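J.: Pasting a structure here, questions to come.
Have a look at this one:
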């Protein structure tokens, strides 16, 4: 598996554009390629050989945590109580399916595996 640099597709991208240059470190989608055989030992999927699964990473400061009122309160609480463990987490928001081809005997089957590709992230 290979992780790459941040590509911000955050739920609140407008906040990102107005904020300073350091916000790219905040919660956003990071690239992650997964090779089914090498990374997961999955030999049953014939096609694709791998895919861009992506993942969410980054802190959720107060201004970034606009998902719910609860997230805002939790982020503000964490801002004033930094030693507390309660803080919003960067999690997947939008996920897309992955079409795959696998074999049952000699017969090829096409199926969609749901929620396999992270497209955007949120603080929650």
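In the UniProt record's numbering, the protein residues as written are 1 to 124.
C-beta atoms are modelled at their ideal positions from N, C-alpha and C, and glycine is treated no differently.
In this text the structure is predicted, and so the values were computed from the model without any measurement.
Specify whether the segment 41-53 and the segment 70-90 touch according to this definition: at least 3 beta carbon pairs, one from each stretch, less than 8 angstroms apart.
T.: No, because fewer than three Cβ pairs between the segment 41-53 and the segment 70-90 fall closer than 8 angstroms, the two stretches do not touch.
J.: If you draw a straight line from the alpha carbon of residue 39 to that of residue 32, how long is it in whole angstroms?
T.: For the purposes of this step, residue 39 is identified with residue 39 of the chain shown, where counting begins at 1. For the purposes of this step, residue 32 is identified with residue 32 of the chain shown, where counting begins at 1. Computed Cα separation, rounded: 11 angstroms.
J.: Give the secondary structure of residue 30 by DSSP, where H, G and I count as helix, E and B as strand, and everything else as coil.
T.: Your numbering for residue 30 matches position 30 in the chain shown. Reduced to three states, the DSSP call for residue 30 is strand.
J.: Using only CA atoms, which one of 88, 110, 44 lies nearest to residue 124?
T.: Here the question's residue 124 lines up with position 124 in the chain shown. Cα-wise, what sits closest to residue 124 is 88.
J.: Within the continuous beta strand (DSSP E) that includes residue 81, where are the two ends?
T.: One-based indexing of the chain shown puts residue 81 at position 81. Looking at the DSSP string, residue 81 is not in any beta strand (DSSP E), and its letter there is neither H nor E.
J.: Under the three-state reduction of DSSP, which class applies to residue 71: helix, strand or coil?
T.: In the chain shown, the residue the question calls residue 71 occupies position 71. Residue state, collapsed to three classes: helix.
J.: What do you get for residue 113, buried or exposed, if any count of 16 or more other CB atoms within 10 angstroms of its CB means buried?
T.: Within the chain shown, numbered from 1, the residue matching residue 113 stands at position 113. Its Cβ having fewer than 16 others within 10 Å, residue 113 is exposed.
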